[in-house]
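Which chain is which? The protein sequence lines are A and B, in order. Using numbering that gives the first Met the number 0, you'd call the opening residue of the first sequence number 0 and step up by one each time. Using numbering that gives the first Met the number 0, you'd call the opening residue of the second sequence number 0 and step up by one each time. Notes follow the structure.
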Amino acid sequence: MKPNEYTSIGGTAESFRTTHWTAIEEIGSNDDIAGTVLVGDLLKSYWKPVYCYLRHKGHNNEQAKDLTQGFFHEVVLGRDLIQRADHTKGRFRTLLLRALDRYLVSVHRKETARKRIPQDKLISLDNAGFHELPAAVNDLNSEEVFHYTWVCEMLDRMLEEVEIECRQHGMAMHWDLFHDRVLHPIVTCTEPPALEKLCRKYGIDATAKASNMIFAVKRRIQAAARRWLRKSVASEYEIDEEMLGLMRFLTERREY
Amino acid sequence: MTALGSEMSKKRRSTFGLRLGQLADLFVIAAKDHASTEEDYADQDPSERLRCFLTEVIHSNSLLFLVAPEIPRNEWCDVTLPTGRSLQEVLYSHKSSVEQLQIIKESSKRLTMRSISEAERAVATTIYHAAIACCLVQHNKKITQHSYEKLDESFALLMEEEWMSDELMQLFSQARRICQSKRGKK
């Protein structure tokens, strides 16, 4: 058993019952309706990385959306992915990426994407919101664009989740402080405002207290990140590996 | 869009489009313990730490989980820490079992031994007593060898802390009444 993979109190293993790995296993063992729901959930988490990967490969907006739908419908719902899935071999999104490559080859061989798209789409991508890849990915290859988009998706969902959590638990000011001091400066590439200034803005009597409030939000973000990553790996141990891998990917290419 | 959603959308935009370096700066917050200046102050306010501890949803990376394997569990080996709920939900619920409360008590006891600051120790001690108090109030069962007299004193001392939450004050107050009635019967 790997480090931290303890199961003696039902902790770690318990929490891995509903991951993306188990979802595709359940697609295989459930009826069509249940399978469609499960694929829909996977699609919500992964459509953007798949779509951006396809855009980077040169497909236009409509083609990319159709291929994304087709891939999830044919390969994931069609159970081809389940047969190839082995959660002891690598990350879930790597499996997805390899399957996507095979799918593209098969589409190219057979017919146009448009004809292959089912009439009942899993979820609509018509209002997906973006049609062009951002300048930030100009120097990345297609696979890196997939990972880049996946990280963005993770960060967006995680930040949204923690913000909701904070506001629901009477910690709205905690979140606003974190936003002003940490999030906004990173996103806008600006200097973080002084804590004293933020204390005056929010009526907080000591900078130590403000720091503590920001720290509380960071802890929640850590927890949310692990919850998110847990969905795509098979054990607690792999969460740490995944964290390191993603960190390496982001920092090694950070000049872009 | 809800009021909450509207408030949120004003404040934040998607990370899609940020440079890798910016994503790395965001990701580092999620990936490790924070070596920022904020950490220097993190121990100075027990009320904040307590609030954080109580409202965080219990998951396998929670502090309680991290120390739980150290507990010799000969009597409740099949009992799990309740995940998916916050600690305060567990402590204030009549549905929490005696065994679950025992694990929380034992885990927080270990946290007090590990604590490196007064604030950490104060919060862990509070959770330890809260688990005992909850068991007294919800199950009329004493899960410690401490006497009712000693427990009454401890609850009273905790209630004097200015950083104590209202809910815990109420719990300790209920537990004190039980301790006092048990002492009266002896």
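Cβ coordinates follow ideal geometry from the N, Cα and C atoms, glycine included. Please read all numbers here as calculations on a predicted model, not as lab measurements.
Item                                                                                                       : Value
Short-range partners of chain A found in the segment 86-98 of chain B, where Cβ spacing is below 8 Å       : none
GLN167/A beta carbon less than 9 Å from that of ILE28/B                                                    : no
Beta-carbon proximity list for ARG48/B, same chain, < 6 Å, skipping 5 on both sides                        : ALA118 and VAL122
Chain A within 9 Å of CYS133/B, Cβ atoms only                                                              : no
PRO133/A versus LEU96/A - alpha carbon distance                                                            : 21 Å
Under the three-state DSSP convention, the category CYS76/B falls into                                     : The pLDDT assigned to CYS76/B is 48, lower than 50, so where the model puts this residue is not dependable; a value taken from the coordinates is nonetheless given after this. Coil, per DSSP.
GLU88/B - containing alpha helix (DSSP H), residue span                                                    : 86-90
Cβ of THR14/B within 9 Å of any chain A Cβ                                                                 : yes
Beta-carbon spacing of MET172/A, ALA223/A below 9 Å                                                        : no
Status (buried if at least 16 other CB within 10 Å, exposed otherwise) for GLY57/A                         : exposed
VAL106/A versus ASP65/A, LYS230/A and PHE145/A, residue with shortest Cα-Cα distance                       : ASP65/A
Where the segment 193-215 of chain A meets chain B: residues whose CB sits under 9 Å from a CB there       : LEU194, ALA205, THR206, ALA207, LYS208, ALA209, SER210, ASN211, MET212, ILE213, PHE214 and ALA215
C-beta contact flag for THR54/B and SER85/B at 9 Å                                                         : yes
Own chain residues within Cβ distance below 7 Å of CYS134/B, not counting five before or after             : VAL97, LEU100, LYS140 and ILE142
Min CB distance MET172/A to chain B below 9 Å                                                              : no
Test: TYR147/A CB closer than 9 Å to a CB of chain B                                                       : yes
Three-pair Cβ contact test at 8 Å for the segment 190-199 of chain A versus the segment 141-161 of chain A : no
Boundaries (first-last residue) of the alpha helix (DSSP H) holding PRO192/A                               : Note, PRO192/A: premise wrong, no alpha helix (DSSP H); not H, not E.
Simplified DSSP state of LEU139/A, which is helix, strand or coil                                          : coil
Listed by chain order, chain A residues near THR125/B by CB distance under 7 Å                             : Neighbours of THR125/B on chain A: none; closest Cβ ~16 Å, over 7 Å.
LEU249/A versus GLU164/A - alpha carbon distance                                                           : 27 Å
Contact with chain B by THR250/A, beta-carbon distance below 9 Å                                           : yes
Span separating the alpha-carbon of LEU22/B from that of MET242/A                                          : 13 Å
Secondary structure of MET170/A, DSSP reduced to three states                                              : coil
Buried/exposed call for ASN137/A, threshold 16 Cβ in 10 Å                                                  : exposed
Best match in ARG54/A, LEU94/A, TYR52/A and TRP46/A for proximity to HIS72/A [C-alpha to C-alpha]          : TRP46/A
C-beta atoms of THR148/A and TYR50/A nearer than 9 Å                                                       : yes
Identity of the residue in ASP179/A, ILE185/A, ALA215/A and VAL216/A nearest ARG199/A by Cα                : ASP179/A
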